[in-house]
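Student: Under our numbering, the first residue of the sequence shown carries the number 359, and numbering increases by one thereafter. Backbone N, C-alpha and C define an ideal beta-carbon position, used for all residues, glycine too.
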Amino acid sequence: MSYDNLRRMEVAGLVEREGWGLYWRTDAVITQHHSVAAVCARAPNAIVSLITALRVHDIGTQLGYGVWIAVPHGERAPSMDSVRLHVTRFSGPSLRYGVVDTEFEGVPARITTPARTVVDCFRFRRRVGLEAALEAFDEVLLERKATPDEIWRAAEACRARYLVEPLLYDRAR
C-alpha cells in the first residue's frame, strides 16, 4: 500500500498510527495482548519469551512491565516508542527448540512453550528473578502445562540442564 493511500485512510479515520510504520484499523478489536501484537508486527523475527510468555500462558503472578522478546544474536533489536522492550539474545538451538507459531490480534508471532519458558526463566534468572523462575517451575508442573520430561528436554536443548536438574531430581523424590 502506498503512503498516500495510507495517509488518506488515516485522515478518513479508517486507520490509526501506532508508531513508525505501524498502523491499526480503527475498527480492530483490541485485546490484552495488543502491545505484544504491535511488537510482533514491528519485529517479525522476535520470539515472545520470559515474563511476557508467562503472562500469555497464564503462568505465575509476574506482571512485568513492557514486552519481553528474544532476537537472534547479531540481529538489530527493534525499538519502539509506544512499548518498553526487554530484549534477550538467542542463538543456535535456542532459536528453534520449544518455539511455536501463534498470533496476536491477527499478527503472526512466535512464542516459547511453557516448558521452554520455565527453562529460559532459569537461564535469565538475573533479569527476571529467581523467585519468578521457581514460581513458574512449580506452577507449570502443578497445572500440568508441561511435564518434567518436557522441561528436561528444553533444558538439554538450551544447554541449561545444570539449572533445572536439582529441581527435577528433588520433585521426583
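Going by DSSP, which residues form a beta bridge with D459?
Tutor: For the purposes of this step, residue 459 is taken as residue 101 along the sequence shown, with counting starting at 1. Note: D459 sits in a beta bridge opposite R468.
Student: Does DSSP put H444 in a helix, in a strand, or in coil?
Tutor: Looking up residue 444 in the sequence shown gives position 86. H444: strand per DSSP, three-state reduction.
Student: Using a Cβ distance threshold of 8 Å, determine whether the stretch 400 to 407 contacts the stretch 464 to 477, with at least three qualifying pairs required.
Tutor: Yes: the two stretches touch, three or more of their Cβ pairs being nearer than 8 Å.
Student: Bridge partners of A428, per DSSP?
Tutor: Counted from its first residue, the sequence shown places residue 428 at position 70. Answer is I405, T446, bridged to A428.
Student: Secondary structure at R517, three-state DSSP: helix, strand or coil?
Tutor: On the sequence shown, residue 517 is found 159 positions in, with the first residue counted as 1. Coil at R517, not helix or strand.
Student: Over the uninterrupted alpha helix (DSSP H) stretch that includes L453, give me the two end residues.
Tutor: The residue given as residue 453 occupies position 95 in the sequence shown. Neither: L453 is in no alpha helix (DSSP H) and is coded neither H nor E.
Student: Give every residue of the same chain whose Cβ lies closer than 6 Å to the Cβ of R447, excluding the five residues on either side of it in the sequence, and list them in chain order.
Tutor: What you label residue 447 is simply residue 89 of the sequence shown in a count that begins at 1. Once the five neighbours on either side are set aside, the close Cβ partners of R447 are H431.
Student: Out of R454, E461, G422, Y361, point me to the one whose CA is closest to R442's CA.
Tutor: Within the sequence shown, the letter at position 84 stands for residue 442. Checking every option, the nearest Cα to that of R442 belongs to G422.
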